[in-house]
Amino acid sequence: MTDLTDWQSQLRRGVIELLVLALIDREPTYGYEIVTALEAMPQLAVSEGTVYPLLRRLRRERLLDTFWQESAAGPPRQYYKLTAEGRRYLETLRREWRAASASVDRFLSGGGRRDER
Amino acid sequence: MTSADPLVVRYLDELREGLHGVADAERREMVGEIESHIAEATGAGKSLADVLQALGPAAALARAYRVELLVNPRTHRWNPLTRWFALVGVAATASVPSLVVVPVLGAVGVACSVSGVAVFLAALVSPWAPPDWFGHDFKPGLALALGLPVAALGAVSLALLWLYVRLLIRAARAVLADKPAWPKA
């Protein structure tokens, strides 16, 4: 049987930004919570080595803002929240995702043939 | 306490070293966040070995940070109000030299081009023109000799004016363009 690992990995990489922003949009959260939330959905689980650099890049692009909060578990936690620009970007990603996933579904169910045009 | 564990200390040191070149404050934040992650994960019952394995080698994590920041550099984006002020600033800065350069080059360019061509053509047609078309002082030879150089001077002035305007447009675009911000080397 063909190994799907690479394809699944690419699929996750393609949507991870949308998922992380959508998670943070629900409420301000921190890195470990984001990783754990994604782990809870095996199809969407990505490694910490992907999530943390992504969070750093999104913050640099001013799509996310951060604040530190003391934690009983140990060192302070760095919480992330969406900026106004982040919210606008997330809405754009959501629209693009809906359009893309609808197109893929249509195509897979036999639509998009040449004779249909 | 986990963060005092030699394995954790070594991991964070390697991560810190791998992030060499990143601004100090940002590097401290990155390392602090990973330290916090390790503490949270082990506090939730995971073994330190599993947590570190899930994070991957420190050097690889540092490389992932660098790749993410280098391949997708932060872009300084103007907000509309700041962009408007920048445009006003460019226009104000360019206005002073433009008050001199544009009228001078424009006037010289147009005047010399038109007059040079007119004088040259007049010299060419003068042998066949009715005698009262040109005054007694008109010297066709001189007009023929000077007409083209004067027209050329006018053309050069207009070309310089065109170059000046292009320079202003490029300067405005350069100031107003969104700029990528690369991590410090």
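Chains as they are written, first to last, in my numbering: chain W, 15 to 131; chain L, 3 to 187.
Quick reminder that beta carbons are idealized off the backbone N, C-alpha and C, glycines included.
Taking 8 Å as the cut-off, the Cβ atoms of Leu170/L and Ala109/L do not count as close. Contact between Ala60/L and Leu9/L fails: their C-beta atoms lie close to 11 Å from each other, not under 8 Å. For Gly20/L against Ala64/L, the beta-carbon gap comes to about 3 Å, under 8 Å, which counts as contact.
In the structure shown, Gly47/L adopts coil according to DSSP, grouped into three states. A check of alpha carbon separations from Leu54/L across Ser61/W, Pro67/W and Glu47/W identifies Ser61/W as the nearest. Within its own chain, the residues whose Cβ lies closer than 7 Å to the Cβ of Leu148/L, once the five positions on either side in sequence are excluded, are Val121, listed in chain order. Using a Cβ-Cβ cut-off of 9 Å, Gln92/W is close to Glu31, Gly34, Glu35 and Ser38 of chain L, given in chain order. Annotation: the continuous beta strand (DSSP E) that includes Pro90/W extends over Gly88 to Leu96.
In the structure shown, the three-state DSSP call for Glu35/L is helix. Scanning chain L for C-beta atoms nearer than 7 Å to the C-beta of Leu68/W yields Glu70, reported in chain order. For Gln83/W, the enclosing beta strand (DSSP E) covers residues Leu78 to Ser85. Selection His22/L, Val104/L and Glu28/L evaluated against Leu69/W yields Glu28/L as nearest (Cα-Cα).
Note that the C-beta distance between Leu58/W and Trp111/W is not below 8 Å.
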